[in-house]
Structures are given as C-alpha cells and as structure tokens.
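**Q** Chains as they are written, first to last, in my numbering: chain U, 62 to 322; chain C, 62 to 322; chain E, 62 to 322.
Each residue gets a CB set at the ideal place from its N, CA and C atoms; glycine is no exception.
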Amino acid sequence: MSTNINWPHSQVAEDLARLRQAAPLTQCVTNIVVAGFTANVLLAVGASPAMVDALDEIPEFVPIAQGLLVNIGTLANDTPRAAVRAAAVARASGTPWVLDPVAAGATKFRSALVTEILEHRPTVIKGNASEILALAGAQGGGKGPDSTADSADAVPAAITVARQTDAVVAITGVVDYATDGAEVVAVPGGHDLMPRVTGTGCSLGGVIAAFLGAGADPLRATVAGLAVFAAAGERASQGAAGPGSFAAAFLDELYRIGTEW
Amino acid sequence: MSTNINWPHSQVAEDLARLRQAAPLTQCVTNIVVAGFTANVLLAVGASPAMVDALDEIPEFVPIAQGLLVNIGTLANDTPRAAVRAAAVARASGTPWVLDPVAAGATKFRSALVTEILEHRPTVIKGNASEILALAGAQGGGKGPDSTADSADAVPAAITVARQTDAVVAITGVVDYATDGAEVVAVPGGHDLMPRVTGTGCSLGGVIAAFLGAGADPLRATVAGLAVFAAAGERASQGAAGPGSFAAAFLDELYRIGTEW
Amino acid sequence: MSTNINWPHSQVAEDLARLRQAAPLTQCVTNIVVAGFTANVLLAVGASPAMVDALDEIPEFVPIAQGLLVNIGTLANDTPRAAVRAAAVARASGTPWVLDPVAAGATKFRSALVTEILEHRPTVIKGNASEILALAGAQGGGKGPDSTADSADAVPAAITVARQTDAVVAITGVVDYATDGAEVVAVPGGHDLMPRVTGTGCSLGGVIAAFLGAGADPLRATVAGLAVFAAAGERASQGAAGPGSFAAAFLDELYRIGTEW
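Okay, here's the thing in structure tokens:
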C-alpha cells in the first residue's frame, strides 16, 4: 500500500538543491536540549536557522520566516505560550510550519498543550510512534520522549490524524512513514545509533520546515527530510565508534549529501 | 581508611548491565549549558532521559520518573522554583534523586537556594571540592563553577555533610570520593581533559540518578557512576587531540564500556 | 589604511599566555543555542566560564567576574531584562564587557533592546556586517542571525559606531576587522566552515571578554580573540570532512594553539 523512497532519489535531490539555493530562513521555537544541535543540522543541510523564541518577538518574526518549527520538548516559563503564539501567527501569516509533539501523552499538561496548538493547523506533524498514537487518542505507552511502539504499528493512527488535521503526518522509527491521509510513503534507512543522539528527531522537524520554506509541498518536504536524514544516518554510522563520533559524522554527511551528484 | 574502586569491577559491571536492561526514565531539571550533553551522556550509557523542567509539569512527571537530577547550574526565570518543586515532589513520591549544587557558595542567592533544596533530602549530593566545602559551611574558595580546592581536602567536609543530610556525598576531582558518612570509597581515574569539557560533571549527576533509577542503593549507584565516568574518561583521552575530540570519544566510550566483558 | 594581524603574532601569543595564566572568570549572559559551545570554547582556550543569567544573581556575580559577555541571541522570558541588568552592573562595577548584538535590525523588538543596552557603554561590540550596519543606522539587510553583507563594506559603519559609543567594534566575516574609531586592524583567516557551526561567532564574544578579563586593553583583546579564532579555524579545517568534525577540531585547536611556541 505504501511506496518506498530511498536516497539517491531524483525528486529528493532536486528539493535539496532548491533548499540550498534558497537557504530558507527557518525559525525554531524549540527546547533547551536540542536548540544548538538543531541549528547545526540546519546550517549543515544549507538552511538559515533563527531560534527566535521570545513572546514579544514572535509576532514580528514568524511572518518573515520562510518555515517554522514548533517543538515542545521542554516547557518551562513562557515556552507553552510561545509555542501557541508562533502557531497562531504562522497560521495567520501563511508561514508553513511543523509541529513536533514531543512526549505527547506523557502528561496531561503536555496533552492539553498539544490540543491547543493543533487548533492552529500545522502543515506537518512529525513524531515517533508513541506520540502519533497519543495524538490519535490511543494509548501510545511512550516513556518520556522515547517511543515504546513500532512505527509501522502507528501508520493507521497517522492516517487518522492526517485526515482529522489536514496535515501531513510523519512517523519516525526503524522505517519512517509519511502520509497525507491518502498516500503513504515509507522511508527506510537510518541507523540504530540515531536515537542514541539527542536531537536527531527534533532537528528533523527543523529540516522539514526548511524544505517547506524552500517551496516543497508538504508531503514532498516531509519525505525529503526523512530521506536525507535516513541516508546521512546510514553513512555516518560507517566508521562511527559510538554516538559521539556518529553525531559529528552525521553533521558532516548532511553537509556533503547531494554534492556527489 | 578509604577503599579503592577501579573499572573493571564486577559490582559496577553488574550495576551497569542492570541499568541498560532497565533503561530507567531519568528526569533532569538542569541548566541550559549542559542539557544537551547530559541527555547525550544518558543515552550513551543506556538510560532514557527526560529533561522535564516546567513548574506545572513537574508534579505529574517526577512520580513516574525512576530517577531525578536537580542541577542548579543556571537559575534564570522559574528555574529556582522548579528545582525546589522537583525536590519536594521527589521526596513525597519516593523518587530517588541527586542534587548537583553547582557553584554553591559563589553567591548568597545560590547558597540560599541550596539550603532550601537540601530540606527535601536528596538521595545523593555530587559536587566538586569547593561546592562540598561550601555545603559544610567552610570557605571553599570556588571560582564560579570551577573548584579551587583538591578533592582529598574535602573528604572530611563530605563526611560531615553526609551525616547531616543522610545523603551519600560524592566529590569529583583528580581522585573522586563517595561517602555515606561511614564508609569512604575512592575512585581514581579520569583525565585532565575532563574539566575542559562543560557538562562532564553535570552529566555525572544524571548518570548517578539513572543508576538509582535502576535500583542500585545510593552508595553503589554513586560509585558506579564515578567508576564508569573515570574509565570512559581515561579511554577517551587516548588518541584525543584536545577537548573537542575528547568529548565525542567520551560519549563513544560510555556507549561501549561493559560490552567488552 | 588598516594593519594586518596574523597568527603567529608575538603580541597575540603574549596575550594568550596571560589569559591561560589568569584563567579569568568570564561570565556569559547568552542564549540557549550556544551556551554549551561557548562554555566549551572558553574552557578550551583556558578561561573559566560562568553562565550566570538569573536576574537576582547578576548583581552579585558581575562584580566578581573578570570579564562579561552579553549576547542577545535568544530573548525569551527574562533574558532582555537580564541583558540590560548585566550591562548596567558591569558599567557600575567596572567589569569590562562585550556586547554581541545578534540579529540587530531584524525586528523592532531587538533593535529597541540593543539601543537600551548600548546606553551602558560596552567595552567591545562584536557583530557581523549586517549587525554593525544596523547599529550605525544603515539597512544591513541581515537574514535573521546570518549576515548578507561583506565585512569590508561595514568598516565605515564600524568606525562610526566606535566613535559614537567609545567602544572597540569588531566585524566578523571572511576578513575580520577591529577598530577603536581611529586605528583599523584587519584579521584574515578562518574558513568557510565556521559560519556553518552555530556559536562560532557567539563564542568569540566570550573569548574577547576573557582577554579583557586577563587585562588586555580593548583593541588588543579584540584582535587577540579574532586572531586566535582565525588561526584555530584554519587549522581545524584541515582534515575536516564537514561542520561536525570541524567543530570538534576547532575546540582541539583552541586548546593547542600557542603551545607550539
């Protein structure tokens, strides 16, 4: 039922070349754990990141950003209000945006926030299986930010969420999936060191926002992000001695991928 | 008077295998400088980190966390209140927790906060010599977060603090020490590049919390964390050209250690 | 009209040796994206960083810090007030300090804050061409934190700002410039991977603050920071496969530079 996309793939290569040409200004309202890594991933892939997160600056900045990531990893202080505000402004200004509902379902506090943000209609929702299951109202059984379910098991939930929200939904896992509620695309690849590096999931949301900012339609942008990450992860794993050397090699490969064409 | 523990050591290896089996959900209320590195250290060693730091989410999350770190490195906004609240909830819910009293004694603001947090009875307190001396009411002479005293000189202070607070107290330095107020364990090892990488101390607190979360008793959990860090630090220093390559190799070694048995 | 400074240079080597001797306590009020990298850069070069950012701790800490960086990269919550307060206390206590006006001109919110901070008279202002042009009242055309102008084109603006504010002004770019309003020093070097690593600019402000804290006069401290970064960047690029391996090598080279003399 689903089509498979693997790097090298001409459509993804084209989208990546366009991203590098455009260097889209990609705003991230994200968490204190991965803000630095996310900026580095965006710079490596060729985007121009801006981690603008102040309540009073968001209304000015979101309209000039070409793509936006809203990630709810850590929620201290004004972060919940900043996430909601960024989403609301993006909807009003037409800035395409990605929601990463980190650890959705883990607490009532977090679930209530996700419900509020969803009202502003994300262009893309990207989560792991537990998070997507939680969004569909199922018991995802997530353990904090880590998933305890397989990505394939969450595909029906992803289709449901896509239809309910009119967003493209991506599920990350050993195989990644993307769906607009009709079509399902499977993206194999990556490496089991990836979930051992914090921010590999969170920064993917930023890269999808960058692909959106460079003009790709939502399903293509999502698939492009997944495919580039899967390929860079596979390549980085070769010669990596563990998650530390993997993380550095992953940035290197994001920077190099596509230049071999 | 003190016993020495070095890796390889069968008790530590056993605790590490148990940690990896359990992958304990380890919550960190920590600072903006080291949140990412701490998550990476916890993932490398085999734990499941959750950097949940919002005032309104802490009461829900601490009871489901298996171990908790409270680190007061940076204290902007609600962080002092979050630290106190996490400590209070942990005490009420029985979640074992580690206090890292970063730069205790450096300012009155910080000392007052440490005093307030200590009322909630940490399971383990981990600091450098200056910090432990400050907790014992002595003049530690710390220079911001860096210690200006030797770890061996702080052992009497550590014993005093352990007896006063009923916590296990760890002092990091060229040789690390852990004491429950009766027994003193010395853990040699590590490398002088370790204090040149931010977060090597802070993330140790997280790893001790993970060992606690996996069921080790406080002294064993502390010694296990110290011994694993000392060995990984030694191994990572081989071939490191400086603190950048050391940090990556340190994560690699944390991931690999114990798999050679 | 401008003199050129390249590493190896005896004056810079002397200032670096002095910095390592003094290990100046260098406070950073900086952003969530680069706080960790900035601390690592400061530790690598030989300073003692302290990322103290709480409103109520700043009045106690700035007077004991030997140098201070105020960086406005992210501005959520109390950060704008913390930046202004740190600047005000530094002026009152005579602590030399560096302003990094990140993305000045990008929003009215940010421009207003920069104007307010400038009233407290920074010792050094360090920015990219777009930021320095914005400070001079010109249209810098910055795209978020990334410059869209050449550093050489901003030299007249830097001279204007230096004369207006009585600060030394540094412009980073392919060639870096520093001026006190009279003399202009050009510092070539670096590598085009540097802007692909987040925090290479932000951490430079910290290193200049450390040189100030070790007693160098403002123009010398600025040139020393620029020259050390340019040389470490050049060296790190050799053998780097991309921005990930470059970032690790950059820290290694900052740690090693000068020890070859």
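Closer than 8 Å between beta carbons: that is the criterion. Which residues of the stretch 91-119 of chain E meet it against chain C?
**A** Per Cβ criterion, the list reads Ile93, Ala96, Gly97, Ala100, Asn101, Leu104, Ala105, Ser109, Pro110, Ala111, Met112, Val113, Asp114, Ala115, Leu116, Asp117 and Glu118.
**Q** May I have the straight-line CA-CA distance separating Pro124 of chain U from Ala277 of chain C, to the nearest angstrom?
**A** When rounded, the distance between both Cα atoms is 52 Å.
**Q** Enumerate, from N- to C-terminal direction, the unbroken beta strand (DSSP E) stretches of 3 or more residues contained entirely within the stretch 282-322 of chain E.
**A** For the stretch 282-322 of chain E, not a single whole beta strand (DSSP E) run of length 3 or above is found.
**Q** Does the distance from the C-beta atom of Ala164 of chain U to that of Leu129 of chain U stay below 7 Å?
**A** Not a contact, by the Cβ cut-off of 7 Å.
**Q** On the DSSP bridge list, what partners appear for Ala128 of chain C?
**A** Looking at the sequence itself, residue 128 of chain C is Gly, so the reference to Ala does not match. According to DSSP, which records beta bridges pairwise, Gly128 of chain C is partnered with C:Thr87.
**Q** Between Pro279 of chain C and the rest of its own chain, which residues show a CB-CB distance below 8 Å, the 5 nearest in sequence each way excluded?
**A** Pro157, Thr184, Val185, Ala228, Val229, Asp241 and Leu273, listed in sequence order.
**Q** Quick check: the stretch 100-119 of chain C against the stretch 104-121 of chain E, are at least 3 beta-carbon pairs closer than 8 Å?
**A** These segments do not touch.
**Q** Phe122 of chain U: which of U:Val246, U:Pro110 and U:Asn132 sits nearest, CA to CA?
**A** The shortest Cα separation from Phe122 of chain U among U:Val246, U:Pro110 and U:Asn132 belongs to U:Pro110.
**Q** Under three-state DSSP, which class holds Gly274 of chain E?
**A** Residue state, collapsed to three classes: helix.
**Q** What does a CB cutoff of less than 6 Å around Val175 of chain C pick up in its chain, not counting 5 residues either side in sequence?
**A** Excluding residues within five positions, the ones whose Cβ falls inside 6 Å are Pro162 and Ala165.
**Q** For Glu121 of chain C, which residues in chain U fall below 7 Å Cβ to Cβ?
**A** Per Cβ cutoff of 7 Å: Thr168, Lys169 and Phe170.
**Q** Let's see if you can read the secondary structure: which residues bound the beta strand (DSSP E) around Ile232 of chain U?
**A** Note, Ile232 of chain U: beta strand (DSSP E), Val229 to Thr233.
**Q** With a threshold of 7 Å on Cβ separation, who are the neighbours of Gly319 of chain U within its own chain once the five nearest residues in sequence on each side are excluded?
**A** Closer than 7 Å at the Cβ level, and outside the excluded window around Gly319 of chain U, lie Ala74, Leu77 and Ala78.
**Q** Ignoring anything shorter than 3 residues or poking outside the stretch 158-182 of chain C, list the beta strand (DSSP E) runs there in chain order.
**A** The stretch 158-182 of chain C contains these whole beta strand (DSSP E) runs: 158-161.
**Q** For chain C, find out if any of its Cβ atoms is closer than 7 Å to the Cβ of Ala147 of chain U; answer yes or no.
**A** It does not: the Cβ of Ala147 of chain U has no partner Cβ on chain C nearer than 7 Å.
**Q** Answer yes if the stretch 258-265 of chain U comes into contact with the stretch 210-224 of chain U, meaning at least three C-beta pairs across the two stretches below 8 Å, and no otherwise.
**A** Taking 8 Å as the limit for Cβ pairs, the verdict is that the stretch 258-265 of chain U does not touch the stretch 210-224 of chain U.
**Q** Identify the residues that DSSP records as bridge partners of Val246 of chain E: which are they?
**A** Per DSSP, E:Thr64 and E:Ala239.
**Q** Closer than 7 Å by C-beta to Ala84 of chain U: which residues in its own chain qualify, once you throw out the five before and the five after it? Chain order, please.
**A** Answer for Ala84 of chain U: Gly107, Ala108 and Ser109, listed in chain order.
**Q** Taking the C-alpha atoms as reference points, what is the distance between Ile193 of chain U and Ala153 of chain C?
**A** Computed Cα separation, rounded: 32 Å.
**Q** How close, in whole Å, do the beta carbons of Leu86 of chain C and Ala126 of chain C come, if the pair is a contact with beta carbons under 8 Å?
**A** Yes, Leu86 of chain C and Ala126 of chain C are in contact; Cβ-Cβ is about 5 Å, under 8 Å.
**Q** Please identify the residue among E:Gly286, E:Tyr316 and E:Ser306 whose C-alpha is closest to the C-alpha of Asp237 of chain E.
**A** Among E:Gly286, E:Tyr316 and E:Ser306, the Cα nearest to that of Asp237 of chain E is on E:Gly286.
**Q** Under 8 Å Cβ to Cβ from Thr226 of chain C, same chain only, skipping five residues before and after it: list those, please.
**A** Excluding positions up to five away in sequence, the list reads Leu179, Arg182, Pro183 and Ile186.
**Q** By how many angstroms is the C-alpha of Gln88 of chain C removed from the C-alpha of Arg171 of chain U?
**A** If I take the Cα positions, the gap works out to 15 Å.
**Q** Just to confirm, are Val90 of chain E and Ala147 of chain E a CB contact at a threshold of 7 Å?
**A** Yes. Within cutoff.
**Q** Helix, strand or coil: which one does DSSP assign to Ile93 of chain U?
**A** Ile93 of chain U: coil per DSSP, three-state reduction.
**Q** Against chain E, with Cβ distances strictly below 7 Å, would Asn138 of chain C count as a contact?
**A** Taking Cβ atoms only, chain E reaches closer than 7 Å to Asn138 of chain C, which makes this a yes.
**Q** If I measure Cβ to Cβ from Glu177 of chain C and keep anything under 7 Å in the same chain, skipping five residues before and after, which residues do I get?
**A** Excluding sequence neighbours, Glu177 of chain C sits near Val145.
**Q** Which residues in chain E have a C-beta closer than 7 Å to the C-beta of Lys187 of chain C? List them in chain order.
**A** Per Cβ cutoff of 7 Å: no residues; Lys187 of chain C is ~19 Å from chain E at best.
**Q** Residues of chain E with CB under 9 Å from Gly303 of chain C, in chain order?
**A** Under the 9 Å cutoff, chain E gives Ala105, Ala309, Ala310, Leu312, Asp313, Glu314, Leu315, Tyr316 and Arg317.
**Q** Within 10 Å of its beta-carbon, does Pro69 of chain U have 16 or more other beta-carbons around it, so buried, or fewer, so exposed?
**A** When all chains shown are included, Pro69 of chain U counts as exposed.
**Q** Tell me, which residues are paired with Ser109 of chain C by DSSP?
**A** In the DSSP output, where bridge partners are listed per residue, Ser109 of chain C has C:Leu86.
**Q** I want to see whether chain C comes within less than 7 Å of Ser306 of chain U, judged by CB atoms only; does it?
**A** With 7 Å as the cut-off, Ser306 of chain U counts as an interface residue toward chain C.
**Q** Less than 7 Å separating the beta-carbons of Asn138 of chain E and Asn92 of chain U?
**A** The answer is no: Cβ separation not under 7 Å.
**Q** Could you tell me the boundaries of the beta strand (DSSP E) in which Val216 of chain E lies?
**A** No beta strand (DSSP E) contains Val216 of chain E, which is instead part of the alpha helix (DSSP H) from Val216 to Thr226.
**Q** I'd like to know whether the C-beta of Thr233 of chain U is nearer than 7 Å to at least one C-beta of chain C.
**A** Chain C contact via Cβ: absent.
**Q** Which residues of chain D have a Cβ atom closer than 7 Å to the Cβ of Leu86 of chain U, listed in chain order?
**A** Although the question refers to chain D, the structure presented lacks it and instead comprises the protein chains U, C and E.
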